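What follows is one structure encoded as structure tokens, with my remarks underneath.
In the numbering used here, the protein residues as written are 1050 to 1308.
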């Protein structure tokens, strides 16, 4: 039975997937939104199913979102959220988890033609997977190529890249490994809250100077066995914080302070 309210991610990725297949000259019907697998459509007259899975996984997203709870309360608070960049581990974990459910997807669909679509978060302003970094994409492709599975195909979606077929392809991506120097690679961002008052309409902006602060670090733990053997590699410089408040909004400016 078709679901009446597909998620924003399902609609966005379903449209992108259909466009991708159409470019290759396939004959397609409209996308139907179901459960287990998430998407269904006729491809060249044959029913195909597509299951969606997001990276980073839920545990990373939950840790990242705890920053909002930790910013509650009075006064100025600033947090640097740091998470491990282990996209190959996320992809491998996602494929293995969905592989366990593949028989159920095939049974529900009535066919073996079930593909997996791995995707980054839809609608986030701050990217959690740095796909603009060629090394990150090489790790993702390597994991999608070398993780044992029986899906009909594996695709990858990101808002900046669109859909890419990862497996099977004519190009066999080599198995990639992260080389460590003094710690495992991370990514992160700085966020904060501080009291201010918006101005009245027509008045000039008000500038609040909160001086130099040292952000507290919220570290998302890694899952990769190799990462667990090492410490996280990141910097947490002190920041000079200035808030500019206007009638309808306010902007934060963070300037790193050299020590």
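Glycine is no exception: its CB is placed at the ideal position from the N, C-alpha and C atoms. Fair warning: this is a prediction, and the values are worked out from it, not measured in the lab.
- For residue 1139, the three-state secondary structure derived from DSSP is helix.
- Taking every protein chain shown into account, the CB of residue 1140 has 16 or more other CB atoms within 10 angstroms, so this residue is buried.
- Between residue 1175 and residue 1238, the C-beta spacing is below 8 Å.
- In the structure shown, residue 1288 falls within a strand segment according to DSSP collapsed to helix, strand and coil.
- Counted as a single uninterrupted DSSP element, the stretch harbouring residue 1220 is not any beta strand (DSSP E), since DSSP gives it neither H nor E.
- Fully contained in the stretch 1143-1192 are the following alpha helix (DSSP H) runs of length 4 or more, in chain order: 1151-1158.
- Taking residue 1195 as the centre and dropping the five residues before and after it, the same chain places the C-beta of 1224 closer than 7 Å to its C-beta, in chain order.
- If you look at residue 1265, you'll find it in the beta strand (DSSP E) that goes 1265-1268.
- Shown here for residue 1257: same chain residues with a beta carbon closer than 6 Å to its own, the five before and five after excluded, namely 1245 and 1292 in chain order.
- Three or more pairs of CB atoms, one per stretch, sit closer than 8 Å, so the stretch 1052-1071 contacts the stretch 1096-1110.
- For residue 1109, the closest alpha carbon among the candidates 1193, 1160, 1177 and 1229 is that of 1177.
- Non-local beta-carbon contacts of residue 1160 in its own chain, meaning distances under 6 Å to residues more than five positions away in sequence, involve 1096 in chain order.
- A direct Cα-Cα distance of roughly 46 Å separates residue 1188 from residue 1255.
- With 16 or more other Cβ atoms inside 10 Å of its own Cβ, residue 1147 counts as buried.
- Take the alpha-carbon of residue 1201 and the one of residue 1266: they are about 42 Å apart.
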